[in-house]
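Reading through the structure tokens given below for one structure.
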Amino acid sequence: MEGKIAPAGAGYAVAQLDELSPVDCPCGTSRRAFSELAGAPASVHVVQISRQARPHYHRRLTEIYVVLEGEGAVEVDGQLVPVRPLTAVLIRPGCRHRAVGALRILNIVIPPFDSADEWFD
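Numbering (this note's numbering), first residue to last: 933 to 1053.
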């Protein structure tokens, strides 16, 4: 995995998030760490929210959005919740959600992110 540093058999892994290659996602671009790491309990992503995303949900994944930069809102089950730096929003499986506005967030995904668990109505 790009950006991962750990000796073979180590009980830890390190990812330099700003060195990971960004991938397109429904709301902009994401730099994802640990989603491919066998046995990882979670993945962590730095996401640049740059476009209006369609509300979506996950059947298995829990997400925690932590706003790093910008002000806007997180829409959860149709309700707009204002957010600013250091606001954290826990999003449970089945909750329809999306980020609104020009934001940079840290997204903690439990279990690790799986693109097959992204559902749109």
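Think of the CB as a built atom: it goes at the ideal place given N, C-alpha and C, for glycine as much as any other residue. Just so it is clear, the structure is predicted and the values come from calculations on it, not from any experiment.
| Query | Result |
| --- | --- |
| With DSSP run on the structure shown, which of helix, strand or coil describes A942? | coil |
| What does the alpha-carbon distance come out to for the pair N1039 and V976? | 6 Å |
| Among the residues of its own chain, which have a CB less than 6 Å from the CB of M933, if the five just before and after it don't count? | Confidence is the limiting factor: at M933 the pLDDT is only 45, short of 50, which leaves the residue's position unreliable, though a coordinate-based value still follows. Closer than 6 Å at Cβ, skipping near neighbours: E968. |
| Nearest-angstrom Cα distance between S953 and V998? | 20 Å |
| In chain order, which beta strand (DSSP E) runs of at least 3 residues are fully inside the region 951-981? | 955-957, 960-965, 975-981 |
| With a cut-off of 8 Å on the beta carbons, I'd call V1041 and L993 a contact; round off their distance for me. | 6 Å |
| Does at least one heavy atom of the ligand NAD sit under 7 Å from the Cβ of I1023? | As presented, the structure is devoid of all ligands, the ligand NAD included, so that no description of it is given. |
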